[in-house]
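The sequence shown begins at 165 in our numbering and counts up by one.
See below for the structure under consideration.
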Amino acid sequence: MQSNGTIRIAIQKSGRLSEGSVALLQSMGLSFETYQNRLFAPCRNLPIDVLFIRDDDIPEYVADGVADLGIVGSNVLDERGAKVRRLLPLDFGFCSLSIAVPEQKEWRGIAELTGKRIATSYPATLRRFLTERGVRAEVIMLKGCVEIAPALRVADAICDLVSSGSTLRMNRLRVIETVAKSQAILIGSTTTTPVKTAMLEKLLLRAEGVQEARKYKCIMFNVPKESLISIGDLVPGSRSPMVIPLSDPAFAAVQIVVSEERFWDVAERIRSLGGRDIIVSPIEKFIR
Ligand code: ATP
Ligand code: ZN
């Protein structure tokens, strides 16, 4: 473990989580090089080093305190049971760990897996799932290419990560059970030193600010002045909206922030209040 105040953040070197991880760190204001075959990059503007490693190694690096923070799929965390703090779900890297069987097989429920061979790279998670449901099946550990195990008659079923399902379809398999849902998570070490605490708290706040911003949209529009009285109702609970006078005294420009899930309701309501020229923009950071 390091004794100076430099923070180390471990992210996947090359794979499905790499792009999202780099994008998050850059949005948090970290400036670093990302060219290929880098194992390590110091940040130009902060006392932070970014480590590029295999995703499977990230939980151990963080648990051992070699890295202070890491970004990894919850599927890997669940499998490894590493002692780390789960700080923030990151809304990317979505997938499911699912059990699939050959397409033509009839399926009458989970009990049918009894006595069957299931190939997986996630034996611990699968065993827990089967035990909870009282199913005794043989778990076959494979490091990769799990999806071809049924065709090779190495297994009767597989338990693997699925997102779009295209790999399964290509191998004539279909999902029959979802074992766990997964997404990328920011994790933190439980053994960090006091000298790093302030910077770690700052980084977590920044990550939360980036995540929060992704859930909201900024809406600007022009509205007849007599409708202004109803505008406050559009965003209940928030501070009063920004209202800007226009050269036409009958109108005002208004700026509000709304959550993605309320967006269409609010936009339709703005129209019904006579709102026009509605401009919607994403928010890069949102700090309350
Ligand atoms: P590494 O060389 O780092 O070990 P890998 O082959 O294990 O790479 P990837 O296939 O890049 O890893 O997957 C990394 C993570 O991306 C997974 O652990 C999971 O959290 C997430 N993920 C999202 N969608 C999928 C998917 N369809 N298949 C596999 N992983 C997915
Ligand atoms: Zn991996």
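Note that beta-carbon positions come from the ideal geometry of N, C-alpha and C, so glycine has one too.
Just so it is clear, the structure is predicted and the values come from calculations on it, not from any experiment.
Original post:
Is L437 near the ligand ATP, going by C-beta to nearest heavy atom under 6 Å?
Top reply: For the ligand ATP, not one heavy atom lies less than 6 Å from the Cβ of L437.
Subject >> Element boundaries [alpha helix (DSSP H), containing I395] >> reply: Note, I395: alpha helix (DSSP H), 392 to 395.
**OP:** Could you please give me the residues that DSSP links to M363 through a beta bridge?
**Re:** Beta-bridge pairing links M363 to no other residue.
**OP:** Pick out whichever of A227, D397, K269 has its Cα sitting closest to the Cα of R244.
**Re:** Out of A227, D397, K269, A227 has the C-alpha closest to the C-alpha of R244.
**OP:** Less than 8 Å between the CB atoms is what I'm expecting for L181 and D219, so what's the real figure, rounded?
**Re:** Contact flag correct, Cβ pair sits at about 6 Å.
Original post:
Between G257 and Q347, is the Cβ-Cβ spacing less than 7 Å?
Top reply: Yes. Within cutoff.
Original post:
Which two residues bound the contiguous beta strand (DSSP E) that contains T110?
Top reply: As displayed, the chain neither begins before 165 nor continues past 452, which places residue 110 out of reach and without an answer.
**OP:** Alpha carbon to alpha carbon, how far is R250 from G169? Give it in angstroms, no decimals.
**Re:** Approximately 22 Å, taken between the alpha carbons.
Original post:
Quick one, are the C-beta atoms of A417 and K389 less than 7 Å apart?
Top reply: No.
Original post:
Which of helix, strand or coil does DSSP assign to L290?
Top reply: Three-state result, L290: helix.
Original post:
Smallest Cα separation from G229: which of V318, E448, I171?
Top reply: The shortest Cα separation from G229 among V318, E448, I171 belongs to I171.
Original post:
Could you name the residues, in chain order, whose CB is less than 6 Å away from a heavy atom belonging to the ligand ZN?
Top reply: After applying the 6 Å Cβ criterion, the set is R218, D219, D220.
**OP:** Tell me whether the beta-carbon of S404 lies closer than 7 Å to the beta-carbon of L437.
**Re:** Cβ distance not < 7 Å, so S404 and L437 don't count as in contact.
**OP:** Taking the CB atoms as reference points, tell me whether A377 and E448 lie closer together than 7 Å.
**Re:** For the 7 Å CB-CB criterion, A377 and E448 form a contact.
Original post:
Who are the Cβ neighbours of F293 in its own chain at under 7 Å, not counting the five residues just before and after it?
Top reply: The answer, listed in chain order, is V343.
Subject >> Residues near A421 by beta carbon distance below 8 Å, same chain, minus five either side >> reply: Just to set this straight, residue 421 is Val in the shown sequence, not Ala. So the qualifying residues of the chain are Y380, K381, C382, I383, V399, S402, I447, F450.
**OP:** Return the first residue and the last residue of the beta strand (DSSP E) that G237 is part of.
**Re:** Run containing G237: 233 to 237, per the beta strand (DSSP E) assignment.
Original post:
Around the C-beta of I443, are 16 or more other C-beta atoms found within 10 angstroms, so that it is buried, or is it exposed?
Top reply: Within a 10 Å sphere around the beta-carbon of I443 sit fewer than 16 other beta-carbons, which makes this residue exposed.
Subject >> Under 7 Å between C-beta atoms of E267 and R202 >> reply: Remark: C-beta atoms of E267 and R202 do not approach each other more closely than 7 Å.
**OP:** Examine the ligand ATP and report whether any of its heavy atoms sits within less than 6 Å of the Cβ of N335.
**Re:** It does not: the Cβ of N335 is nowhere closer than 6 Å to a heavy atom of the ligand ATP.
Original post:
Measuring CA to CA, which of D232, K247, A231 is closest to S238?
Top reply: The shortest C-alpha separation from S238 is found at K247.
Original post:
From this set, E311, G184, G298, which residue's C-alpha is nearest D164's C-alpha?
Top reply: The structure shown has nothing for residue 164, since the chain only spans 165 to 452.
Original post:
Helix or strand or just coil, what does DSSP make of P314?
Top reply: Assigned with DSSP and collapsed to three states, P314 falls in coil, not helix or strand.
**OP:** May I ask you to report which of helix, strand or coil DSSP gives Y225?
**Re:** Y225 falls in the helix class under three-state DSSP.
**OP:** Within the same chain, show all residues whose beta-carbon is closer than 8 Å to that of S185, passing over the 5 residues directly before and after it, in chain order.
**Re:** Scanning its chain for C-beta atoms nearer than 8 Å, with the 5 sequence neighbours on each side dropped, one finds around S185 the residues I175, Q176, I235, A348, in chain order.
Original post:
Should R259 be listed as close to the ligand ATP, given that the test is whether its C-beta is under 6 Å from any heavy atom?
Top reply: Rather than Arg, the amino acid found at residue 259 in this sequence is Cys. Yes, the beta carbon of C259 sits closer than 6 Å to at least one heavy atom of the ligand ATP.
**OP:** Could you check the C-alpha separation between I274 and T356 for me, to the nearest Å?
**Re:** C-alpha separation (whole angstroms): 43 Å.
Subject >> Where G439 falls, given that 16 or more other Cβ within 10 Å makes a residue buried >> reply: Classification of G439: buried, given that the 10 Å Cβ count is 16 or more.
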